[in-house]
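Worksheet: the structure to be examined is printed underneath.
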Amino acid sequence: MSLDKIAKQTLSSIEKSLGGELSDEQRKAITDAIRQSLSDTLDHSGKRYQKVAKAYCEPDADLAHKIADEIRRANVALKANLESLR
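Residue numbers for the sequence shown follow our numbering, so the first one is 593 and each next one is one higher.
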């Protein structure tokens, strides 16, 4: 599922739970908050996965670095996707 679809579904759920339609300004503020939350989560998870990969592959430092680099590349791609929501 794309980040755009997740953001739209979340915004729709919020709107329904509030029982009314939001203004464009409110929709933008909520979408920005969703975007920031996803970005923060992505950063936190990526850093944690890199640490685990390095610890698990410590005897093979080259493999650990390759895995960490792949995680970083995936995070960059996801962040680019997230930024395209704007």
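Glycine included, every Cβ here is placed at the ideal spot set by N, Cα and C. Bear in mind the structure is a predicted one, so any value in this text is a computation, not a measurement.
Kindly give me the distance between the Cβ atoms of residue i and residue j, rounded to whole angstroms, as I take these residues to be in contact under 8 Å.
i: CYS649; j: ILE663; result: Not really, about 12 Å apart at Cβ, beyond 8 Å.
i: LYS671; j: SER631; result: 6 Å
Can you tell me whether residue i is buried or exposed? The criterion is at least 16 other CB atoms within 10 Å of its CB, across all chains shown.
i: LEU610; result: exposed
i: ALA599; result: buried
i: GLN642; result: buried
Which residue comes first and which comes last in the alpha helix (DSSP H) that contains residue i?
i: GLY638; result: 616-648
For residue i and residue j, I'd like the C-alpha separation in whole angstroms.
i: SER615; j: ALA656; result: 48 Å
i: ASN673; j: THR633; result: 14 Å
i: ALA625; j: LYS646; result: 32 Å
i: ASP654; j: GLU613; result: 53 Å
i: ARG627; j: ASP596; result: 9 Å
i: ALA669; j: SER605; result: 26 Å
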